[in-house]
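Numbering (the working numbering), first residue to last: 13 to 201.
Structure representation (structure tokens):
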């Protein structure tokens, strides 16, 4: 893949928002342990909880804005963060065949480059998907692979005679016009 077909990395506020489940507990626990003898259990909990909640809400608000801007910039460049698979390989491959990476639009279809981690270097050669025919929304089992994040949605395509599935954030799928008119509940299994 060329240099402009890579994903833009998340910025600091988005990273803080995504990591908030990890730092929030520490942001409450440590001030509470220092203040509990002086203020009492309940007052110390309130004093520790309120600033941590304000910090988490600010990180969420700023992080969501940065994420939306990053997704829009990626879509404008014709690149999305996606998880793909051929469903007929699901049983033989680890993680039910899902591979995380970068999907770029080409004139004749897609080009997928598997990435090591979210934005690390490429793994293997790019996969060319030529002339995909949309099948619409597909059911998605979140527990199948760690690559599938909460809230991801999937769309299916036919490539030659094989089914091909793309899963990703709904903002990416809608922005690239990949979502079919079929609702997820109406899709075939």
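Yeah, the Cβ is synthetic: ideal placement off N, Cα and C, and Gly gets one too.
C-beta atoms of residue i and residue j nearer than 8 Å
i           : j           : result
residue 141 : residue 167 : no
residue 74  : residue 36  : no
residue 183 : residue 169 : no
residue 98  : residue 151 : no
residue 115 : residue 124 : yes
residue 51  : residue 59  : yes
residue 47  : residue 38  : no
With 16 other Cβ atoms within 10 Å as the buried cut-off, status of residue i
i           : result
residue 53  : exposed
residue 180 : buried
residue 137 : exposed
residue 19  : buried
residue 163 : exposed
Cβ neighbours of residue i in the same chain (closer than 6 Å, five flanking residues each side left out)
i           : result
residue 62  : none
residue 112 : 95 and 159
residue 135 : 126 and 128
residue 154 : 160
residue 40  : 60, 61 and 64
residue 139 : 124
Residues that DSSP places opposite residue i in a beta bridge
i           : result
residue 118 : 121
residue 54  : Bridge partners of residue 54: none, in fact.
residue 142 : 121
residue 94  : 113
Closer than 7 Å: residue i CB and nearest the ligand NAD heavy atom
i          : result
residue 90 : Summarising the ligand content, the structure contains no ligands, and the ligand NAD is consequently not present.
Cβ shell of residue i (< 7 Å), same chain only, five flanking positions each side left out
i          : result
residue 44 : 56, 57 and 60
residue 92 : 86, 115, 180, 184 and 188
Residue-level contact to chain B via CB, residue i, 8 Å cutoff
i          : result
residue 90 : Among the chains in the structure shown there is no chain B, since it carries only a single protein chain.
(message) Quick check: the stretch 24-41 against the stretch 68-83, are at least 3 beta-carbon pairs closer than 8 Å?
(response) yes
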